[in-house]
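Take a look at the structure below.
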Amino acid sequence: MNEVARELSRIIKKSSRVAFLGVGSPLRSDDNVGNRIVALLAEKLPSRPGREFRFYQGESAPENFTGAIRDFQPEYLIVFDAAELNKPPGTAELIPPERIDGAGFASHVLPLKIIGAYLQAVTDCRILTVGIQPEDLSFGESLSETVAAAITDLVAELVGDWE
Numbered sequence: 107m108n109e110v111a112r113e114l115s116r117i118i119k120k121s122s123r124v125a126f127l128g129v130g131s132p133l134r135s136d137d138n139v140g141n142r143i144v145a146l147l148a149e150k151l152p153s154r155p156g157r158e159f160r161f162y163q164g165e166s167a168p169e170n171f172t173g174a175i176r177d178f179q180p181e182y183l184i185v186f187d188a189a190e191l192n193k194p195p196g197t198a199e200l201i202p203p204e205r206i207d208g209a210g211f212a213s214h215v216l217p218l219k220i221i222g223a224y225l226q227a228v229t230d231c232r233i234l235t236v237g238i239q240p241e242d243l244s245f246g247e248s249l250s251e252t253v254a255a256a257i258t259d260l261v262a263e264l265v266g267d268w269e
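For the sequence shown, the numbering used here begins at 107 and goes up steadily by one.
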């Protein structure tokens, strides 16, 4: 199991309320990777007694979901987004909060750092941001094969460990 899946699995197992937020433009190929991960997780990661999950596809305006996330009051908010990591396409990394502005996040109306600061203030949740290295940011609705395969593997590891 890779480091990102291991950390996310640890959080999911110990937390009673986890929100997942996908971010990115659905019209810029791999920029939509965060929303696609959240959609896959929503299909495969059911809430259970004592464990409640919420899934939000924030697309290019994740700030539109701050009210719903605030109302849910998660212990953790896990954000998925395409990020320039200078790694092979499909690589996923946990991005420390101090690197959010500099990690190559570009397609949002409001910066993730501001959204995160607001949500931390109103929910007291911990926020983890997972950046995924894109391969193709051109106009299009499909993920590149490399990135699609990588997120399928990541979600399978995460869900497989949870089952």
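The beta carbon of each residue, even a glycine, is placed where N, CA and C say it ideally should be.
Cβ neighbour criterion (16 or more within 10 Å) applied to alanine 227: exposed
Rounded to whole angstroms, what is the Cα-Cα separation between threonine 252 and arginine 205? 25 Å
Which residue or residues does DSSP assign as beta-bridge partners of threonine 235? Val185 and Ile201
At which residues does the alpha helix (DSSP H) containing leucine 93 begin and terminate? With the chain running from 107 to 269 in the structure shown, residue 93 is simply not present.
Please state the DSSP three-state secondary structure of glycine 266. helix
Excluding the 5 residues preceding and the 5 following arginine 134 in the sequence, name in chain order all residues of the same chain whose CB lies nearer than 6 Å to its CB. Leu243
Helix, strand or coil for glycine 128 per DSSP? strand
Coil, strand or helix - phenylalanine 245 by DSSP: coil
Report the three-state DSSP secondary structure of glutamate 149 (helix, strand or coil). helix
Are three or more beta carbon pairs between the stretch 249–265 and the stretch 163–170 nearer than 8 Å? no
Work out the CA separation of phenylalanine 245 and glycine 173 for me, nearest whole Å. 30 Å
Give me, in chain order, the residues of the same chain whose beta-carbon lies closer than 6 Å to that of leucine 114; leave out the 5 immediate sequence neighbours on both sides. Leu264
Quick one: grab the DSSP three-state call for valine 139. helix
From what residue to what residue does the alpha helix (DSSP H) around phenylalanine 178 run? 172–178
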